[in-house]
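A.B. asks:
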Amino acid sequence: MEQTYKICQSCAMPLKKDPQGGGTEADGSKSIRYCSYCYQNGAFLAPDWSVTQMQEFCKTKLKEMGMPGFIAGFLTKGISKLERWKSN
Numbered sequence: 018m019e020q021t022y023k024i025c026q027s028c029a030m031p032l033k034k035d036p037q038g039g040g041t042e043a044d045g046s047k048s049i050r051y052c053s054y055c056y057q058n059g060a061f062l063a064p065d066w067s068v069t070q071m072q073e074f075c076k077t078k079l080k081e082m083g084m085p086g087f088i089a090g091f092l093t094k095g096i097s098k099l100e101r102w103k104s105n
């Protein structure tokens, strides 16, 4: 049985908040792991980013949405434990 994910395994965004319903695989099917901001057509949109770069990017986006910096930092801290970053 395939695992169900509630958050993007690259950036930790809740998948239900993705306006496109998730990223896409190379065959055009919906990705069950990644959001449309991170993953399209079977590839990451920022393939060369490090986990630190992803954390900083997400922290900035959360702050732009009005979230206090300490909460944004707390929410992005766990990104390094997501599937995309486990081998890094």
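If you're matching positions, the sequence shown starts at 18 in our numbering and goes up one per residue.
By construction, the Cβ of each residue, glycine as well, lies at the ideal position given by its N, Cα and C atoms.
Quick check: what's the CA-CA separation for Thr21 versus Thr69?
C.D. replies: 26 angstroms
A.B. asks: Along the alpha helix (DSSP H) that carries Leu79, what are the first and last residues, could you check?
C.D. replies: Val68 to Glu81
A.B. asks: Between which residues of its own chain and Glu100 is the CB-CB distance below 6 angstroms, once the five residues before and five after are set aside?
C.D. replies: Counting only Cβ-Cβ distances below 6 angstroms, and skipping sequence neighbours, we find Gln26.
A.B. asks: If you count every other CB in all the chains shown that lies within 10 Å of the CB of Lys103, and 16 or more means buried, which is it?
C.D. replies: exposed
A.B. asks: Would you mind working out which of Tyr51, Ala43 and Thr41 sits nearest Lys23, comparing C-alpha positions?
C.D. replies: Tyr51
A.B. asks: How far does the alpha helix (DSSP H) with Ile88 in it extend, from its first residue to its last?
C.D. replies: Gly86 to Thr93
A.B. asks: With a CB to CB cut of under 6 angstroms and the five nearest residues on each side skipped, what residues in its chain are close to Gly59?
C.D. replies: Cβ neighbours of Gly59 beyond the five flanking positions: Glu42 and Ala43.
A.B. asks: State yes or no: is the C-beta of Tyr56 within less than 9 angstroms of the C-beta of Ser48?
C.D. replies: Yes, the Cβ-Cβ distance between Tyr56 and Ser48 is below 9 angstroms.
A.B. asks: May I ask you to report which of helix, strand or coil DSSP gives Lys23?
C.D. replies: coil
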